[in-house]
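Sequential numbering of the sequence shown, starting at 3, is according to the working numbering. Glycine included, every Cβ here is placed at the ideal spot set by N, Cα and C.
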Amino acid sequence: SDLLVAGQCEHLPYADGCFDYVISHEVLEHVQDDNMAASEIIRVLRLPDKENGIDGGRAIIFVPNRWYPVETHGIYWRDKYHFGNVPLINYLPDFLRDILAPHVRTYLPSEIISLFSGLQAKIVSHTVIFGGYDNLVSKWGVIGRMIRYGLQALEGTSLRWLGLSHMVVIERNSPESGD
3 SDLLVAGQCE HLPYADGCFD YVISHEVLEH VQDDNMAASE IIRVLRLPDK ENGIDGGRAI
63 IFVPNRWYPV ETHGIYWRDK YHFGNVPLIN YLPDFLRDIL APHVRTYLPS EIISLFSGLQ
123 AKIVSHTVIF GGYDNLVSKW GVIGRMIRYG LQALEGTSLR WLGLSHMVVI ERNSPESGD
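As C-alpha coordinates, then:
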(Lines of atoms letter the chains of each structure in order from A and count residues from 1; the text may use other names and numbers.)
(Lines give C-alpha, C1' and ligand atoms only; values in the text may rest on other atoms or scores of the structure.)
Protein backbone atom coordinates (compact mmCIF):
# COMPACT_ATOMS: atom_id res chain seq x y z
CA SER A 1 0.00 0.00 0.00
CA ASP A 2 1.11 3.58 -0.62
CA LEU A 3 -0.09 4.52 2.86
CA LEU A 4 2.40 2.38 4.76
CA VAL A 5 6.16 2.76 4.52
CA ALA A 6 8.71 0.79 6.52
CA GLY A 7 12.18 2.22 6.79
CA GLN A 8 14.93 3.53 8.99
CA CYS A 9 14.55 6.87 10.73
CA GLU A 10 18.18 7.62 9.88
CA HIS A 11 17.32 7.55 6.14
CA LEU A 12 13.71 8.67 5.69
CA PRO A 13 12.44 7.93 2.15
CA TYR A 14 10.87 11.37 1.70
CA ALA A 15 11.79 14.60 -0.06
CA ASP A 16 13.14 17.60 1.84
CA GLY A 17 10.45 19.77 3.43
CA CYS A 18 7.48 17.54 2.57
CA PHE A 19 5.75 17.37 5.98
CA ASP A 20 3.96 19.98 8.07
CA TYR A 21 4.24 17.77 11.16
CA VAL A 22 6.26 14.77 12.30
CA ILE A 23 5.46 12.81 15.45
CA SER A 24 8.20 10.63 16.88
CA HIS A 25 6.81 8.79 19.87
CA GLU A 26 9.47 6.86 21.77
CA VAL A 27 11.49 6.08 18.61
CA LEU A 28 14.86 7.85 18.85
CA GLU A 29 16.02 5.77 21.80
CA HIS A 30 15.88 2.63 19.62
CA VAL A 31 17.66 3.75 16.43
CA GLN A 32 21.34 3.10 15.78
CA ASP A 33 22.22 6.76 15.19
CA ASP A 34 19.93 9.18 17.00
CA ASN A 35 21.86 12.21 15.68
CA MET A 36 21.20 11.15 12.09
CA ALA A 37 17.55 10.38 12.89
CA ALA A 38 17.09 13.84 14.44
CA SER A 39 18.65 15.42 11.36
CA GLU A 40 16.31 13.47 9.09
CA ILE A 41 13.24 14.52 11.06
CA ILE A 42 14.21 18.17 10.62
CA ARG A 43 15.08 17.66 6.93
CA VAL A 44 11.59 16.41 6.02
CA LEU A 45 9.80 19.29 7.82
CA ARG A 46 8.44 22.16 5.73
CA LEU A 47 10.63 25.26 5.51
CA PRO A 48 9.07 28.49 6.77
CA ASP A 49 7.68 30.94 4.24
CA LYS A 50 8.26 34.33 5.86
CA GLU A 51 6.75 36.27 2.94
CA ASN A 52 3.41 34.57 3.54
CA GLY A 53 3.71 34.37 7.33
CA ILE A 54 3.95 30.57 7.40
CA ASP A 55 6.05 28.99 10.13
CA GLY A 56 8.28 26.02 9.51
CA GLY A 57 7.00 22.49 10.03
CA ARG A 58 6.98 21.15 13.55
CA ALA A 59 8.06 17.87 15.11
CA ILE A 60 6.69 16.53 18.35
CA ILE A 61 9.30 14.26 19.90
CA PHE A 62 8.92 11.93 22.88
CA VAL A 63 11.96 10.13 24.34
CA PRO A 64 12.52 8.37 27.70
CA ASN A 65 13.68 10.53 30.59
CA ARG A 66 16.91 9.35 32.23
CA TRP A 67 15.59 10.47 35.64
CA TYR A 68 12.47 8.28 35.51
CA PRO A 69 13.03 5.79 38.34
CA VAL A 70 12.02 2.74 36.28
CA GLU A 71 13.58 1.32 33.10
CA THR A 72 10.45 0.38 31.13
CA HIS A 73 12.21 -1.55 28.35
CA GLY A 74 13.58 -4.31 30.57
CA ILE A 75 17.20 -5.40 30.92
CA TYR A 76 19.75 -7.77 29.43
CA TRP A 77 20.98 -10.17 32.11
CA ARG A 78 22.85 -13.47 31.79
CA ASP A 79 22.66 -13.58 27.99
CA LYS A 80 18.92 -13.02 27.93
CA TYR A 81 16.51 -10.09 27.67
CA HIS A 82 14.09 -9.74 30.57
CA PHE A 83 11.31 -7.38 29.54
CA GLY A 84 9.29 -5.40 32.02
CA ASN A 85 9.75 -2.55 34.45
CA VAL A 86 13.03 -2.61 36.37
CA PRO A 87 13.56 0.05 39.07
CA LEU A 88 16.63 2.27 39.43
CA ILE A 89 18.54 1.05 36.32
CA ASN A 90 18.47 4.61 34.94
CA TYR A 91 20.35 5.89 37.99
CA LEU A 92 23.38 3.68 37.37
CA PRO A 93 26.54 5.13 35.82
CA ASP A 94 26.45 4.99 32.00
CA PHE A 95 28.86 2.09 31.66
CA LEU A 96 26.70 -0.14 33.92
CA ARG A 97 23.39 1.02 32.49
CA ASP A 98 24.66 0.36 28.97
CA ILE A 99 25.52 -3.24 29.93
CA LEU A 100 22.06 -3.87 31.39
CA ALA A 101 20.08 -1.91 28.80
CA PRO A 102 22.15 -1.94 25.59
CA HIS A 103 19.02 -1.95 23.43
CA VAL A 104 17.66 1.48 24.41
CA ARG A 105 18.79 4.99 25.34
CA THR A 106 17.40 7.39 27.90
CA TYR A 107 17.98 11.13 27.76
CA LEU A 108 18.88 13.84 30.21
CA PRO A 109 17.29 17.22 29.40
CA SER A 110 20.60 18.54 28.05
CA GLU A 111 21.03 15.47 25.82
CA ILE A 112 17.68 15.79 24.05
CA ILE A 113 18.26 19.54 23.54
CA SER A 114 21.77 18.94 22.21
CA LEU A 115 20.46 16.27 19.81
CA PHE A 116 18.71 19.05 17.87
CA SER A 117 21.23 21.86 18.41
CA GLY A 118 23.17 22.79 15.31
CA LEU A 119 20.27 21.71 13.11
CA GLN A 120 18.06 24.03 11.11
CA ALA A 121 15.50 24.13 13.92
CA LYS A 122 14.52 25.75 17.18
CA ILE A 123 13.03 24.27 20.34
CA VAL A 124 9.53 25.70 20.78
CA SER A 125 8.67 23.77 23.93
CA HIS A 126 10.28 21.20 26.22
CA THR A 127 8.74 19.54 29.23
CA VAL A 128 8.75 16.21 31.03
CA ILE A 129 5.51 14.24 31.28
CA PHE A 130 4.28 11.22 33.19
CA GLY A 131 2.61 8.30 31.42
CA GLY A 132 -1.00 7.22 31.04
CA TYR A 133 -0.45 4.17 33.26
CA ASP A 134 -3.38 2.32 31.65
CA ASN A 135 -1.75 -0.96 32.70
CA LEU A 136 -2.03 0.06 36.37
CA VAL A 137 -5.64 1.14 35.95
CA SER A 138 -6.64 -2.11 34.22
CA LYS A 139 -4.79 -4.22 36.78
CA TRP A 140 -5.69 -2.37 39.99
CA GLY A 141 -8.86 -0.38 39.15
CA VAL A 142 -9.49 2.48 41.57
CA ILE A 143 -6.04 2.14 43.16
CA GLY A 144 -4.46 2.27 39.69
CA ARG A 145 -6.44 5.42 38.86
CA MET A 146 -5.31 7.05 42.10
CA ILE A 147 -1.68 6.25 41.29
CA ARG A 148 -2.11 7.60 37.75
CA TYR A 149 -3.68 10.87 38.89
CA GLY A 150 -1.11 11.26 41.65
CA LEU A 151 1.82 10.79 39.28
CA GLN A 152 0.32 12.99 36.56
CA ALA A 153 -0.27 15.71 39.16
CA LEU A 154 3.51 15.85 39.61
CA GLU A 155 3.77 17.40 36.13
CA GLY A 156 2.70 20.70 37.71
CA THR A 157 5.30 20.56 40.47
CA SER A 158 9.05 20.81 40.91
CA LEU A 159 9.13 16.97 40.76
CA ARG A 160 8.22 17.00 37.06
CA TRP A 161 11.86 16.09 36.27
CA LEU A 162 11.08 12.53 37.47
CA GLY A 163 8.55 12.01 34.66
CA LEU A 164 8.49 9.18 32.15
CA SER A 165 9.29 11.08 28.94
CA HIS A 166 10.62 14.28 27.50
CA MET A 167 8.14 15.97 25.18
CA VAL A 168 9.85 18.39 22.83
CA VAL A 169 8.25 20.52 20.11
CA ILE A 170 10.73 21.61 17.45
CA GLU A 171 10.16 23.98 14.54
CA ARG A 172 12.19 24.03 11.35
CA ASN A 173 13.98 27.31 10.60
CA SER A 174 15.01 28.81 7.30
CA PRO A 175 18.70 28.34 6.43
CA GLU A 176 19.51 32.01 7.08
CA SER A 177 17.65 32.11 10.42
CA GLY A 178 19.68 32.85 13.52
CA ASP A 179 17.17 31.14 15.86
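Is it buried or exposed, residue i, if we count other Cβ atoms within 10 angstroms and call 16 or more buried?
i    : result
N54  : exposed
S127 : exposed
L90  : exposed
Quick check: what's the CA-CA separation for residue i versus residue j?
i    : j    : result
D18  : K52  : 18 Å
L14  : V144 : 43 Å
F64  : L47  : 17 Å
T159 : L49  : 36 Å
Q34  : Y78  : 18 Å
Y70  : I43  : 25 Å
Which residues does DSSP pair with residue i in a beta bridge?
i    : result
Y23  : R60
N67  : Y109
M169 : F64, T129
E12  : Note: E12 sits in no beta bridge, so no partner.
Nearest chain D C-beta to residue i closer than 8 Å, yes or no?
i   : result
G55 : You won't find chain D in this structure, because it holds only one protein chain.
Considering only the alpha carbon of each residue, which of the options lies closest to residue i?
i    : options            : result
E113 : R68, R150, F85     : R68
M38  : I62, V24, C11, I25 : C11
* Asked: Would you call the stretch 26-45 and the stretch 139-159 in contact, with 3 or more CB pairs under 8 Å?
  -> no
* Asked: Taking three-plus beta-carbon pairs below 8 Å as touching, is the stretch 116-135 in contact with the stretch 164-177?
  -> Yes: the two stretches touch, three or more of their Cβ pairs being nearer than 8 Å.
* Pairing CB atoms from the stretch 56-64 with CB atoms from the stretch 9-25, are three or more of them under 8 Å? -> yes
* Asked: For the stretch 132-150 against the stretch 97-116, are there 3 or more C-beta pairs whose distance is under 8 Å?
  -> no
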